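Undergrad: Sequence lines, in order, name chains A and B.
Per the numbering used here: the first sequence = residues 15 to 262.
Per the numbering used here: the second sequence = residues 15 to 262.
Glycine included, each C-beta is placed from N, C-alpha and C at the ideal position.
Computed from a predicted model, the values in this text were never measured in an experiment.
Number of protein chains: 2
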Amino acid sequence: MLRRALQVVARCGQQGALLRAPRILPGLNPASAFGSSTDSLVSRFCPEKTDLKDYALPNASWCPDMLSLYQEFLEKTKSGGWIKLPSFKSNRDHIQGLKLPSGLAVASDKGDWRIFTRCIPVEGQGYEYAIFFHPSEKKSVCLFQPGPYLEGAPGFAHGGSLAAMMDETFSKTAYLAGEGLFTLSLNIRFKNLIPVGSLAVLNVVVEKIEDQKLYISCVTQSRDQQTVYAKSSGVFLQLQLETESSQQ
Amino acid sequence: MLRRALQVVARCGQQGALLRAPRILPGLNPASAFGSSTDSLVSRFCPEKTDLKDYALPNASWCPDMLSLYQEFLEKTKSGGWIKLPSFKSNRDHIQGLKLPSGLAVASDKGDWRIFTRCIPVEGQGYEYAIFFHPSEKKSVCLFQPGPYLEGAPGFAHGGSLAAMMDETFSKTAYLAGEGLFTLSLNIRFKNLIPVGSLAVLNVVVEKIEDQKLYISCVTQSRDQQTVYAKSSGVFLQLQLETESSQQ
Numbered sequence: 015m016l017r018r019a020l021q022v023v024a025r026c027g028q029q030g031a032l033l034r035a036p037r038i039l040p041g042l043n044p045a046s047a048f049g050s051s052t053d054s055l056v057s058r059f060c061p062e063k064t065d066l067k068d069y070a071l072p073n074a075s076w077c078p079d080m081l082s083l084y085q086e087f088l089e090k091t092k093s094g095g096w097i098k099l100p101s102f103k104s105n106r107d108h109i110q111g112l113k114l115p116s117g118l119a120v121a122s123d124k125g126d127w128r129i130f131t132r133c134i135p136v137e138g139q140g141y142e143y144a145i146f147f148h149p150s151e152k153k154s155v156c157l158f159q160p161g162p163y164l165e166g167a168p169g170f171a172h173g174g175s176l177a178a179m180m181d182e183t184f185s186k187t188a189y190l191a192g193e194g195l196f197t198l199s200l201n202i203r204f205k206n207l208i209p210v211g212s213l214a215v216l217n218v219v220v221e222k223i224e225d226q227k228l229y230i231s232c233v234t235q236s237r238d239q240q241t242v243y244a245k246s247s248g249v250f251l252q253l254q255l256e257t258e259s260s261q262q
Numbered sequence: 015m016l017r018r019a020l021q022v023v024a025r026c027g028q029q030g031a032l033l034r035a036p037r038i039l040p041g042l043n044p045a046s047a048f049g050s051s052t053d054s055l056v057s058r059f060c061p062e063k064t065d066l067k068d069y070a071l072p073n074a075s076w077c078p079d080m081l082s083l084y085q086e087f088l089e090k091t092k093s094g095g096w097i098k099l100p101s102f103k104s105n106r107d108h109i110q111g112l113k114l115p116s117g118l119a120v121a122s123d124k125g126d127w128r129i130f131t132r133c134i135p136v137e138g139q140g141y142e143y144a145i146f147f148h149p150s151e152k153k154s155v156c157l158f159q160p161g162p163y164l165e166g167a168p169g170f171a172h173g174g175s176l177a178a179m180m181d182e183t184f185s186k187t188a189y190l191a192g193e194g195l196f197t198l199s200l201n202i203r204f205k206n207l208i209p210v211g212s213l214a215v216l217n218v219v220v221e222k223i224e225d226q227k228l229y230i231s232c233v234t235q236s237r238d239q240q241t242v243y244a245k246s247s248g249v250f251l252q253l254q255l256e257t258e259s260s261q262q
């Protein structure tokens, strides 16, 4: 029922609003074809050679649970199926050579831009996370360890920090699974607080792709699955990135 | 319908889960009386004299829209009605002398803890915001200017940064309006992207307080109200903070 309602609302409301807003998304054509295969999206997103720093690598701040589950998934990448996503400082690095659809004004590239979930550079203090993606099953797992700069209630991660981690994992998954670019909605039911410094595992699944929208669900829980931290869902709008004709 | 569903779900689901989880929230009694008046909550929350740095003060990074709307609301605090909320480095500073209900294990106070929305100390790079609260009408306004470290799509604020700003504004409002302590749910419909460095205004209203839950809604828009960035709602669980018997 929720999905049906979201479809209707999205068609009549959010998507319409996005497309009507002349200052933000003028001239977009949501009916464009979505021809990029997941393979080509993934190979562009995960360059084999790059000088860019990958922030999704183990460091001394990772708790034993985080480290061992990371190694477990890294093993799974060798036998095929799972892919470890690199995590650069900015989304600009992830979409090199591409740009948002025409009409989306992009501010100057000269500044010091950071993707929100990599806003705190000190290891262990802010976001520690690594995302693994399974192209054929269109699902992801995000290992998330909130640091003390992500606090809400004393000793626990801020609900907003988990919301942002969900949105970021959803958006990477949506892009790779089907060129999902913009979050239309995000719904979260919080169940338990995540202690700062501990591991939370986000299990993300693309439920369906329909009417140029991706419907994604997520269960966030402890590694032993005994504690559910949150259940959530999100809807993303498909839009194709354009080839950059000139470097800014 | 959403609210009715949430009530039922919250009673049967989230709240139950929170209360059942022995490691996170053992021994809480949600049926405790909520005797604290909004006035006493506000006066404790907004100390007239404090050595703590208030981060919700104008600085050179604020755009003209942010600055002038801040001054406008500051004028309104003089004639009564509106109150400017201070914003300290940590929630621990906001609840000095109080602690979370028994059973909620709090990690050591020795570390460098920061509330998530004040995680980036450099002016203008991360979160710039100020919250004004209207006790008798149980509503808030948050002036929010996302910096370049809060980026999602190039040039625009990450959806998760707005989600966190909502959760933070909701939680302060919920606490002062009726001792709302824990986010049970957060639902966001994104309409337009917020350009980095511009002002977004969150208009937050407590719709009702029922069955120990606060139901909150929010419209986030540009100052001229011509662009709606998002519409959202949240549900918070009421729980009383306890008096701290000994300093850690």
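(1) At a CB-CB cut-off below 9 Å, which residues of chain A make contact with residue 59 of chain B?
(2) In terms of residue numbering, what span does the alpha helix (DSSP H) encompassing residue 171 of chain A cover?
(3) Enumerated in chain order, which unbroken segments of the alpha helix (DSSP H) with a length of 4 residues or greater are wholly contained in the segment 81 to 118 of chain B?
(4) Checking contacts by CB at 7 Å: is residue 260 of chain B closer than that to chain A?
(5) Tell me the DSSP secondary structure of residue 74 of chain A in three-state form.
(6) Could you please give the first and the last residue of the uninterrupted beta strand (DSSP E) stretch that includes residue 203 of chain A?
(7) Taking residue 154 of chain B as part of the alpha helix (DSSP H), name the residues at either end of that continuous run.
(8) If you measure between the beta carbons of residue 1 of chain B and residue 75 of chain B, is that distance less than 7 Å?
(9) As a quick exercise: from A/113, A/150, A/192 and A/66, pick the residue whose alpha carbon is nearest that of residue 5 of chain A.
(10) Is the segment 53 to 66 of chain B in contact with the segment 194 to 209 of chain B, if contact means three or more CB pairs nearer than 8 Å?
(11) If you drop the 5 nearest sequence neighbours on each side, which residues of the same chain put their C-beta closer than 8 Å to that of residue 255 of chain B?
(12) For the alpha helix (DSSP H) that residue 247 of chain A lies in, which residues bound it at each end?
(13) Which whole-angstrom value describes the C-beta separation of residue 165 of chain A and residue 73 of chain B, a residue pair presumed to lie in contact below a C-beta threshold of 8 Å?
(14) Check for me: the alpha helix (DSSP H) holding residue 55 of chain B runs from which residue to which?
(15) How many Å lie between residue 210 of chain B and residue 223 of chain B at the Cα?
(16) Does the contact criterion of 3 or more C-beta pairs under 8 Å hold for the segment 79 to 93 of chain A versus the segment 150 to 158 of chain B?
(17) Skipping 5 residues on each side, what residues in its chain have a beta carbon closer than 7 Å to that of residue 140 of chain A?
(18) Return the residue from the list A/178, A/232 and A/241 that minimises the CA-CA distance to residue 221 of chain A.
(19) Just to confirm, are residue 202 of chain A and residue 177 of chain A a CB contact at a threshold of 7 Å?
(20) Applying the criterion that 16 or more other CB atoms from any shown protein chain within 10 Å of the CB defines a buried residue, is residue 257 of chain A buried or exposed?
(21) Against residue 127 of chain A, what residues of chain B qualify as contacts under a CB-to-CB distance less than 9 Å, listed in chain order?
(22) Can you confirm whether residue 36 of chain B, when its beta carbon is compared against all beta carbons of chain A, has any partner nearer than 7 Å?
(23) Relative to the C-alpha of residue 97 of chain B, which residue among B/85, B/204 and B/170 is closest?
(24) Within the continuous beta strand (DSSP E) that includes residue 208 of chain A, where are the two ends?
(25) When you compare the CB of residue 237 of chain B with every CB in chain A, is at least one pair closer than 7 Å?
(26) Apart from the five residues on each side of it in sequence, which residues of its chain come closer than 6 Å, Cβ to Cβ, to residue 242 of chain B?
(27) Mapping DSSP to helix, strand and coil, what is residue 257 of chain A?
(28) Among B/214, B/252 and B/50, which has the Cα closest to the Cα of residue 159 of chain B?
(29) So is residue 172 of chain A in contact with chain B if we call contact Cβ pairs under 7 Å?
(30) Is residue 202 of chain A close to chain B? Criterion is C-beta to C-beta, closer than 7 Å.
(31) In the structure shown, what three-state DSSP assignment does residue 189 of chain B receive?
(32) So, is residue 36 of chain B buried or exposed, given that buried needs 16 or more other C-beta atoms within 10 angstroms?
(33) From the DSSP secondary-structure annotation, give me the bridge partner or partners of residue 227 of chain B.
(34) Between residue 207 of chain A and residue 146 of chain A, is the Cβ-Cβ spacing less than 7 Å?
(35) Taking the beta strand (DSSP E) that residue 163 of chain B belongs to, which residues open and close that run?
TA: In short, the structure shows the following:
(1) Along the second sequence, read from residue 1 onward, the residue named residue 59 of chain B stands at position 45. Result: empty, since nearest Cβ-Cβ is about 15 Å, beyond 9 Å.
(2) Start at 1 with the first residue of the first sequence, and residue 171 of chain A comes out as number 157. Note, residue 171 of chain A: premise wrong, no alpha helix (DSSP H); not H, not E.
(3) 105 to 108
(4) Within the second sequence, residue 260 of chain B is the residue found at index 246, counting from 1. Low local confidence applies: a pLDDT of 48 at residue 260 of chain B is under 50, so the model's placement there is unreliable, with the coordinate-based value given in what follows. Chain A contact via Cβ: absent.
(5) Taking the first sequence and counting its residues from 1, the one referred to as residue 74 of chain A is at position 60. Residue state, collapsed to three classes: coil.
(6) Mapped onto the first sequence, residue 203 of chain A falls at position 189. Its beta strand (DSSP E) spans residues 194 to 204.
(7) To locate residue 154 of chain B, count along the second sequence from 1; it is residue 140. No alpha helix (DSSP H) holds residue 154 of chain B; the beta strand (DSSP E) holding it covers 153 to 160.
(8) With chain B running from 15 to 262 in the structure shown, residue 1 of chain B is simply not present.
(9) This structure cannot speak to residue 5 of chain A, because chain A is shown only from 15 to 262.
(10) no
(11) Against the second sequence, residue 255 of chain B aligns to sequence position 241. Result list for residue 255 of chain B: 109, 112, 113, 114, 115, 193 and 195, in chain order.
(12) As a working mapping, residue 247 of chain A is identified with position 233 in the first sequence. Premise fails: residue 247 of chain A lies in the beta strand (DSSP E), 242 to 252, not in any alpha helix (DSSP H).
(13) Here residue 165 of chain A corresponds to residue number 151 of the first sequence, with the count starting at 1. Here residue 73 of chain B corresponds to residue number 59 of the second sequence, with the count starting at 1. That pair is no contact at about 23 Å.
(14) On the second sequence, residue 55 of chain B is found 41 positions in, with the first residue counted as 1. Element bounds for residue 55 of chain B: 52 to 59.
(15) In the second sequence, residue 210 of chain B corresponds to position 196, counting from 1. In the second sequence, residue 223 of chain B corresponds to position 209, counting from 1. In a straight line, the C-alpha of residue 210 of chain B is about 35 Å away from that of residue 223 of chain B.
(16) no
(17) Taking the first residue of the first sequence as position 1, residue 140 of chain A is located at position 126. Same-chain partners within the cutoff: 133, 134, 161, 163 and 164.
(18) In the first sequence, residue 221 of chain A corresponds to position 207, counting from 1. The option with the nearest alpha carbon to residue 221 of chain A is A/232.
(19) Residue 202 of chain A sits at position 188 when you count from the first residue of the first sequence. Residue 177 of chain A sits at position 163 when you count from the first residue of the first sequence. It is a contact, given that the beta carbons lie within the stated cut-off.
(20) For the purposes of this step, residue 257 of chain A is identified with residue 243 of the first sequence, where counting begins at 1. So residue 257 of chain A counts as exposed.
(21) Reading the first sequence from its first residue, position 113 is the one you call residue 127 of chain A. Result: 162, 163, 165, 168, 169 and 210.
(22) Walking along the second sequence from the start, residue 36 of chain B turns up at place 22. Reliability fails at residue 36 of chain B, whose pLDDT of 37 lies under 50, so the model's placement of it is uncertain and the value that follows must be treated cautiously. Closer than 7 Å: no.
(23) For the purposes of this step, residue 97 of chain B is identified with residue 83 of the second sequence, where counting begins at 1. Comparing Cα positions, the closest option is B/85.
(24) Position 194 of the first sequence, counted from the first residue, corresponds to residue 208 of chain A. No beta strand (DSSP E) contains residue 208 of chain A, which DSSP labels as neither H nor E.
(25) Working through the second sequence from its first residue, we reach residue 237 of chain B at position 223. Taking Cβ atoms only, chain A never reaches closer than 7 Å to residue 237 of chain B, which makes this a no.
(26) Your numbering for residue 242 of chain B matches position 228 in the second sequence. Correct list, in chain order: 205 and 235.
(27) The sequence position of residue 257 of chain A within the first sequence is 243, counting from 1. Correct three-state label for residue 257 of chain A: strand.
(28) The residue labelled residue 159 of chain B in the question sits at position 145 within the second sequence. Ranking B/214, B/252 and B/50 by Cα distance to residue 159 of chain B puts B/214 first.
(29) For the purposes of this step, residue 172 of chain A is taken as residue 158 along the first sequence, with counting starting at 1. So yes, residue 172 of chain A belongs to the interface.
(30) Translated into the one-based positions of the first sequence, residue 202 of chain A becomes position 188. With 7 Å as the cut-off, residue 202 of chain A counts as an interface residue toward chain B.
(31) For the purposes of this step, residue 189 of chain B is identified with residue 175 of the second sequence, where counting begins at 1. Reduced to three states, the DSSP call for residue 189 of chain B is helix.
(32) Translated into positions along the second sequence, residue 36 of chain B becomes position 22. In this prediction, residue 36 of chain B scores a pLDDT of 37, lower than 50, which makes its location untrustworthy; no coordinate-derived value is stated.
(33) Taking the second sequence and counting its residues from 1, one reaches residue 227 of chain B at position 213. Partner(s): B/224 and B/251.
(34) On the first sequence, residue 207 of chain A is found 193 positions in, with the first residue counted as 1. On the first sequence, residue 146 of chain A is found 132 positions in, with the first residue counted as 1. Cβ atoms of residue 207 of chain A and residue 146 of chain A: not closer than 7 Å.
(35) Residue mapping note: residue 163 of chain B aligns to position 149 of the second sequence, counting from 1. No beta strand (DSSP E) contains residue 163 of chain B, which DSSP labels as neither H nor E.
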